Amino acid sequence: MTSTIPFIDLKAQRQRLGPRIDQAVMRVIEHGQYVLGPEVAELETALAGFAGVRDCVTCGSGTDALQLVLMAQGIGAGDAVFVPSFTFVATAEVVALLGATPVFVDIEADSFNMDPASLEAAIATARGAGLAPRGVIPVDLFGQPANYPAIEEIAAENNLWVLADAAQSLGAQLGDMPVGRFGIATATSFFPAKPLGCYGDGGAVLTDDTAFADILRSLRVHGFGRDRYHHPRIGMNARMDTIQAAVLLEKLRIFPEELAARQRIARQYSQALEDVVEVPRLADGATSSWAQYTIRLPGGAAQRARVQEICAADGIPTAVYYPIPLHRQEAYTHFPAAKSGLGVSEMLAEHVLSLPMHPYLDDETQGRVVDAVRRGLAG
Ligand SMILES: *Cc1c(COP(=O)(O)O)cnc(C)c1O
Numbered sequence: 002m003t004s005t006i007p008f009i010d011l012k013a014q015r016q017r018l019g020p021r022i023d024q025a026v027m028r029v030i031e032h033g034q035y036v037l038g039p040e041v042a043e044l045e046t047a048l049a050g051f052a053g054v055r056d057c058v059t060c061g062s063g064t065d066a067l068q069l070v071l072m073a074q075g076i077g078a079g080d081a082v083f084v085p086s087f088t089f090v091a092t093a094e095v096v097a098l099l100g101a102t103p104v105f106v107d108i109e110a111d112s113f114n115m116d117p118a119s120l121e122a123a124i125a126t127a128r129g130a131g132l133a134p135r136g137v138i139p140v141d142l143f144g145q146p147a148n149y150p151a152i153e154e155i156a157a158e159n160n161l162w163v164l165a166d167a168a169q170s171l172g173a174q175l176g177d178m179p180v181g182r183f184g185i186a187t188a189t190s191f192f193p194a195k196p197l198g199c200y201g202d203g204g205a206v207l208t209d210d211t212a213f214a215d216i217l218r219s220l221r222v223h224g225f226g227r228d229r230y231h232h233p234r235i236g237m238n239a240r241m242d243t244i245q246a247a248v249l250l251e252k253l254r255i256f257p258e259e260l261a262a263r264q265r266i267a268r269q270y271s272q273a274l275e276d277v278v279e280v281p282r283l284a285d286g287a288t289s290s291w292a293q294y295t296i297r298l299p300g301g302a303a304q305r306a307r308v309q310e311i312c313a314a315d316g317i318p319t320a321v322y323y324p325i326p327l328h329r330q331e332a333y334t335h336f337p338a339a340k341s342g343l344g345v346s347e348m349l350a351e352h353v354l355s356l357p358m359h360p361y362l363d364d365e366t367q368g369r370v371v372d373a374v375r376r377g378l379a380g
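Per the working numbering, the very first residue in the sequence shown carries number 2; after that it's consecutive.
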């Protein structure tokens, strides 16, 4: 029996970084500014530079980042916000939490991202239901940017803002536009398993609008105004811990190299598997940060279960993102969906399988994964 490999190898990264993170964390413990300390401001400058935007506002998580933007936009009861059904729950959750209505949009099978035609159908559905369409949250699923050119055009025609959910895609690009520059703002996450992860929860909003960034900074600290005890707006406690910023500053230094490694590993997977499964396809000019490498199996859930079983027997973990689309989740079934249906989301929930993916996956281990998947399919 061979050893079990990690799905995402955070230990290999930790070894590579050596004592640098420990020292950075110790510096914070010694200086004592544990919340919004100097490393937080330093990280915000570094991340804004990385994404090519004017402002970065860090916060407690990717979910907080989405919620802060929605609060700044003042959404509430009677408002419709368009979200894909095939995503992590946070994308729709923040809309519902603020009393607005998430309206589910279908995705495209080859990119896993929001289908612009379905968005148009969903806008009609929302109007028909007496809701006021306010905004769209495209998700860059698995690391590839959504089709922002098409979505922004539809948004402009319908007077909607666009908030990019880039929790999985920091470091990717569409043409010469890096993730962070689409829409009014971009939300990202530093959950440990994301392409750029910290040692706990963390998130950030990227934006080119400095006045908007100032509102987000107020909202993340209880809606403060002239000083900490003046509150012109209702906010939340959504600050980033200084220790997490210190960790991220060290990890950001090697992030470009890690992204290049992810691209090489994804290419190798695709070359080794494209004759037996549908491998992920990138749009013209798009890159992915490869948060996940997700294939589509020709058979349905039964074949997938068999492939997973054979992989597991060989010590290879696999994952299904996402087994139940959001419009089928108990807490979300009462929300409206595009009139044209969510057939692609439902189909993909049965066919997708994500394979081990991280920058430290060596050729031999990757060969083991490929071999197990191929045997599982031949099953
Ligand atoms: C991870 C994720 C989030 C939430 O980020 P957290 O930091 O875990 O709150 C939101 N949207 C998507 C698409 C995600 O993958």
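Glycine residues also receive a C-beta, built at the ideal position from the N, C-alpha and C atoms. In this text, all values refer to a predicted model and were calculated from it rather than measured experimentally.
Measuring straight from C-alpha to C-alpha, what distance separates residue i and residue j?
| i | j | result |
| --- | --- | --- |
| Phe-191 | Gln-330 | 25 angstroms |
| Asp-177 | Leu-283 | 15 angstroms |
| Ser-341 | Leu-161 | 20 angstroms |
| Gly-198 | Ile-235 | 29 angstroms |
| Gly-184 | Gln-68 | 16 angstroms |
| Ala-49 | Pro-357 | 30 angstroms |
| Arg-375 | Thr-295 | 15 angstroms |
| Ala-239 | Ser-62 | 8 angstroms |
| Asp-10 | Pro-318 | 12 angstroms |
| Pro-20 | Val-248 | 11 angstroms |
| Tyr-270 | Gln-145 | 16 angstroms |
| Thr-189 | Leu-362 | 24 angstroms |
| Val-95 | Thr-64 | 7 angstroms |
| Arg-128 | Thr-46 | 41 angstroms |
| Arg-297 | Thr-88 | 16 angstroms |
| Ala-332 | Arg-17 | 42 angstroms |
| Phe-41 | Asp-141 | The sequence as given places Val at residue 41; Phe does not occur at that position. Roughly 25 angstroms between the two C-alpha positions. |
| Glu-251 | Glu-43 | 11 angstroms |
| Thr-102 | Val-29 | 41 angstroms |
| Glu-310 | Ile-6 | 15 angstroms |
| Ala-147 | Gln-169 | 11 angstroms |
| Leu-260 | Gly-33 | 33 angstroms |
| His-335 | Val-90 | 15 angstroms |
| Thr-126 | Asp-372 | 46 angstroms |
| His-232 | Asp-166 | 28 angstroms |
Look up residue i in the DSSP assignment and say whether it is helix, strand or coil.
| i | result |
| --- | --- |
| Pro-150 | helix |
| Arg-234 | coil |
| Gly-204 | strand |
| Ile-108 | strand |
| Leu-175 | strand |
| Phe-191 | coil |
| Met-1 | Given a span of 2 to 380 for the chain in the structure shown, any question on residue 1 remains unanswerable. |
| Cys-312 | helix |
| Ser-355 | strand |
| Ile-132 | Position check: residue 132 holds Leu in this sequence, whereas Ile was assumed. Correct three-state label for Leu-132: coil. |
| Ile-30 | helix |
| Val-95 | helix |
| Glu-275 | coil |
| Pro-281 | coil |
Beta-carbon separation of residue i and residue j under 8 angstroms?
| i | j | result |
| --- | --- | --- |
| Leu-175 | Tyr-149 | yes |
| Ala-382 | Trp-291 | Coverage of the chain is limited to positions 2 through 380, which leaves residue 382 absent and any answer about it impossible. |
| Leu-99 | Leu-71 | yes |
| Leu-349 | Phe-105 | no |
| Gly-301 | Glu-365 | no |
| Cys-60 | Arg-221 | yes |
| Ala-52 | Val-180 | yes |
| Ala-306 | Asp-107 | no |
| Val-321 | Ala-110 | no |
| Val-280 | Leu-378 | no |
| Pro-326 | Leu-343 | yes |
| Val-163 | Glu-154 | no |
| Leu-253 | Val-308 | no |
| Pro-337 | Ala-97 | no |
| Ile-216 | Val-26 | no |
| Ala-151 | Pro-196 | no |
Would you say residue i touches ligand 1, meaning its beta carbon is less than 7 angstroms from a heavy atom?
| i | result |
| --- | --- |
| Val-140 | yes |
| Gln-293 | no |
| Ser-112 | no |
| Asp-116 | no |
| Thr-319 | no |
| Phe-89 | yes |
| Thr-64 | yes |
| Asp-202 | yes |
| Asp-166 | yes |
| Gln-16 | no |
| Phe-105 | no |
| Phe-8 | no |
| Lys-252 | no |
| Thr-92 | yes |
| Phe-183 | no |
| Ala-145 | Strictly speaking, residue 145 in this sequence is Gln, with Ala absent from that position. No; taking the cut-off as 7 angstroms, the Cβ of Gln-145 has no heavy atom of ligand 1 nearer than that. |
* To do: Assess, as a yes-or-no matter, whether the stretch 307-319 is touched by the stretch 79-91 under the definition of 3 or more beta carbon pairs within less than 8 angstroms.
  => no
* To do: Kindly confirm or deny that the stretch 134-142 and the stretch 64-79 touch, where touching means at least three C-beta pairs closer than 8 angstroms.
  => At 8 angstroms Cβ cutoff, the stretches touch.
* Asked: Are the stretch 252-268 and the stretch 209-227 in contact at 8 angstroms, needing three or more beta carbon pairs?
  -> no
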